[in-house]
Amino acid sequence: MKPLSVLSLLFLLIWSIGVQARLTIEITGGTEGAQPIAIVPFAGPEGGGVLAEDVAAVIAADLARTGRFRPMPRRDMMATPHTAEEVDLRDWRLVAMDNLVIGKVERAAVGGYDVSCVLFDVFRGKQLAAMTFTSRASELRYAAHRIADMIYERLTGSPGVAATRIAYVTSDGNRGGQRIKLEVADADGHNPQTIVSSRDPIMSPAWSPNGRQLAYVSFENRRTAIYLQEMATGRRERIAGFKGINGSPAWSPDGRSLAMTLSKGGNPDIYVLDLVSRNLRQVTDHFAIDTEPAWSPDGRHIIFTSNRGGSPQIYRIPATGGTAARVTFENDYNGRASYAPDGRSILCVTRIDGSFRIGLLDLNTGTMRSLSSGRLDESPSFAPNGTMVIYATLHGGRSILSAVSVDGSVSQRLSQGLSDVREPAWSPLLR
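Residue numbering for the sequence shown follows the numbering used here, beginning at 327 and increasing consecutively.
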């Protein structure tokens, strides 16, 4: 038995001002070569009753969005077993299924539900995994995400991201009545909740490594300031409100420090704030504009955008300060960079033939590869397992979000009604 963790529940109890329309996800490419899998509808609890969620449908949708799996339509299933004893793998070999998932939802002794499932390798004729989650009725969707992640990891060797969340900024209305909101939703666009609502701009949301806080920039009272906000309680604190620019917050991998851009000395430079001692130290000191810091996964270096060479490019500097070294050399503009979780590549916005695209720089070879094809693509953010990238783009005259796999084989489009959506940030993995 594996109950939902306290950390996981923080995401379910997230404080909100109001609930908004959910993000709608459309898969726009990348189903070729996907692995066939059958997720049989789960049996419901004895005594009947309608569950709040179709658990099997949620799992199937989660796996389909990865581009790695092609769930079998229910109308094509010749059987709907719910226990291992009811399974005849020969049936599923006939329809060329690689894997089979069965499960059931039962009432738990302590209240709520036990959601259990079994994963089979159809052609090898063996059971690969069995798992059970204890869940409240309102948390069945989250339990389904956790099961999808377990299946994904068992079959691919990489952690799944269905149980993660995405922070983003929305705006709607005209300039006089425009409302800006910082929102958080499940990775599949469901359960959107407003964290902050304002008539002033909100920018640069950044998740803490433990997923319990968001840092962001607010323009309240016509001045920039950096805030930290606790996800479970809504408590927030202004941690940088110096004269001039306060921007681009970036968490250190250990969660103890926050890098940021400040112009308190007259010029935009990179600073690091120790969140325990509140000691602030300057990392760069240059007459150029230094901004958009991001930490290396080991916490030893910070990359940032600077025009010290004449055009915006990515530079790297020891987190303790020192000499900065240029990292990007392709194209005349590179900015808004971040490391891949494994530290082997860097994601950035790059300008190609006058258009701003999402680029992926291989640090071993020094080659840049474009992941997007829009005219104005910006604010890229890695999925915590490093397989996908989410970014803001233009579509049909509106700002929406798009996601693409790092190998370019899978693409998705995320939109929210008539609102403009931008500044996405993917949460860390939940364990």
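Even glycine gets a Cβ: it sits at the ideal position worked out from N, Cα and C.
Because the structure is a prediction, the values reported are computed rather than measured.
G722 and S735 have their C-alpha atoms spaced approximately 23 Å apart. Rounded to the nearest whole angstrom, the C-alpha separation of Y439 and A469 is 10 Å.
With a contact defined as Cβ atoms closer than 8 Å, A405 and P362 miss out at about 16 Å.
The residue from R695, L508 and I596 with its alpha-carbon nearest to that of L554 is L508. T713 and V732 have their alpha carbons spaced roughly 6 Å apart. A contact is defined here as three or more CB-CB pairs under 8 Å, and the segment 409–417 fails this definition with respect to the segment 389–398. The continuous beta strand (DSSP E) containing Y439 extends over residues Y439 to D447. Counting the other Cβ atoms within 10 Å of the Cβ of P623 gives fewer than 16, which makes it exposed. Going by C-alpha positions, L377 is about 12 Å away from V441.
In the displayed model, V543 falls within a strand according to three-state DSSP. Looking at the backbone, the Cα of P367 and that of D512 are separated by about 22 Å. Counting C-beta pairs closer than 8 Å gives fewer than three between the segment 422–435 and the segment 523–533, which falls short of the contact rule. The alpha-carbon of G647 is positioned some 5 Å away from that of V609. Counting along the chain, no beta strand (DSSP E) covers E479; the unbroken alpha helix (DSSP H) around it starts and ends at L466 to T482.
Assigned with DSSP and collapsed to three states, A513 falls in coil, not helix or strand.
Take the alpha-carbon of P531 and the one of H612: they are about 26 Å apart. The Cβ neighbour count for R748, taken over all protein chains shown within 10 Å, is at least 16; the residue is labelled buried.
The beta carbon of H516 lies closer than 6 Å to those of R348 in the same chain, with the five residues before and after it left out. Looking at the DSSP output, R739 bridges to E352 and S728. Spanning the alpha carbons of S737 and N605 requires a straight line of approximately 43 Å. Per DSSP, Y659 has no beta bridge partner at all. Here the alpha carbons of I684 and R450 stand approximately 41 Å from one another. Boundaries of the beta strand (DSSP E) around A364: Q361 to I365. Linking T458 to R433 through their CA atoms gives a straight-line distance of about 12 Å.
Inter-segment contact for the segment 460–475 and the segment 723–730 is absent: fewer than three beta-carbon pairs are separated by less than 8 Å. By the criterion of a C-beta distance shorter than 6 Å, Y478 is surrounded in its chain by G486, once the five residues flanking it on both sides are discounted. Sequence-distant partners of A489 (beyond 5 residues in either direction) whose C-beta falls short of 6 Å from its own C-beta, in its chain, are H471, R472, D475 and L756. Contact check between the segment 694–704 and the segment 676–683: three or more CB pairs, one atom from each, fall below 8 Å, which counts as touching.
Between the alpha carbons of S637 and D746 lies a distance of about 29 Å. By the Cβ-count criterion, T496 is buried, with 16 or more other Cβ atoms from all chains shown falling within 10 Å of its own Cβ. For the segment 371–454, the continuous alpha helix (DSSP H) assignments of 4+ residues that do not extend past its boundaries occur at 381–391 and 415–420, in sequence order. Cβ contact annotation for W752 (same chain, cutoff 7 Å, sequence separation greater than five): T490, I492, S707, F708, A709, P710 and I716, in chain order.
Comparing C-alpha distances from S699 to each of L687, L720 and P594 shows the shortest one belongs to L720. Around the beta carbon of G537, 16 or more other beta carbons lie within 10 angstroms, which makes this residue buried. The Cβ atoms of A645 and L584 lie no closer than 8 Å to each other.
Taking A382 as the centre and dropping the five residues before and after it, the same chain places the C-beta of I365, P367 and F368 closer than 6 Å to its C-beta, in chain order.
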